[in-house]
Amino acid sequence: MESEISSTLANLALPRTSATLTVRVIKSFQFRTERNLVLHNIDLETTTVGQLKDAARQVVLSQPGWKSYHGVPLDTLKLYTKAHGAKETNLIINLDNNDWIFDDDGQILAHLGFENETEVSFFNRESYEHFRYNPKTTWDC
1133 MESEISSTLA
1143 NLALPRTSAT
1153 LTVRVIKSFQ
1163 FRTERNLVLH
1173 NIDLETTTVG
1183 QLKDAARQVV
1193 LSQPGWKSYH
1203 GVPLDTLKLY
1213 TKAHGAKETN
1223 LIINLDNNDW
1233 IFDDDGQILA
1243 HLGFENETEV
1253 SFFNRESYEH
1263 FRYNPKTTWD
1273 C
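Structure follows, in structure tokens:
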């Protein structure tokens, strides 16, 4: 059994009704400040974009270690990568593919292509647009 699990691709290791997602909560694009939030047992077939945002906000506001993120108006999700997919060269967020932004809070995650081990970025849209227009970080000085 153990060898069966180890040979299964990560995106197929769990059913879509019990997926693990990584939410990259971005505090600052300029300073590359982000923290990963791992959410387990997410039912991708019933959970909506809005519910995922609410779940992530709840953790940020209630669990220790997130206090510095309390003032960030988190309002937007964007696909970062799927399991076994290529990672972006930009360490904080992918600036391409604006069609990967999930604007409809009523959409079901599975219908958007979410699978086990999907990574999404969660951030403030206004800050993102500003950074997209001028993608300078403090490391570029």
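Counting in this note's numbering, the sequence shown runs from 1133 upward without gaps.
Where is the CB? At the ideal position from N, CA and C, for every residue including glycine.
Everything numeric in this text was worked out from a predicted model, so none of it was measured.
The straight-line gap separating the alpha-carbon atoms of Arg-1156 and His-1202 is approximately 15 Å. The secondary-structure analysis by DSSP pairs Val-1181 with nothing; it has no beta-bridge partner.
Per DSSP, Tyr-1265 is one residue of the alpha helix (DSSP H) stretching across 1257–1265. For the pair Leu-1244 and Asn-1266, the Cα-to-Cα distance works out to about 29 Å.
Assignment of Arg-1148 by DSSP, reduced to helix, strand and coil, places it in the coil class.
It is roughly 12 Å from the alpha-carbon of Thr-1152 to the alpha-carbon of Val-1252.
Residue Thr-1165 holds the alpha-carbon nearest to the alpha-carbon of Trp-1198 among Thr-1165, Ser-1259, Leu-1241. With a 10 Å radius around the Cβ and a threshold of 16 neighbouring Cβ atoms, Ile-1174 comes out buried.
Taking C-beta atoms as the reference points, Ile-1225 and Leu-1209 fail to come closer than 9 Å.
If you look at Lys-1210, you'll find it in the beta strand (DSSP E) that goes 1208–1213. Under DSSP, Glu-1247 takes part in no beta bridge, so it has no partner. According to the DSSP assignment, Thr-1270 belongs to no beta strand (DSSP E), since it is labelled neither H nor E. In this chain, the beta strand (DSSP E) harbouring His-1172 covers 1165–1174.
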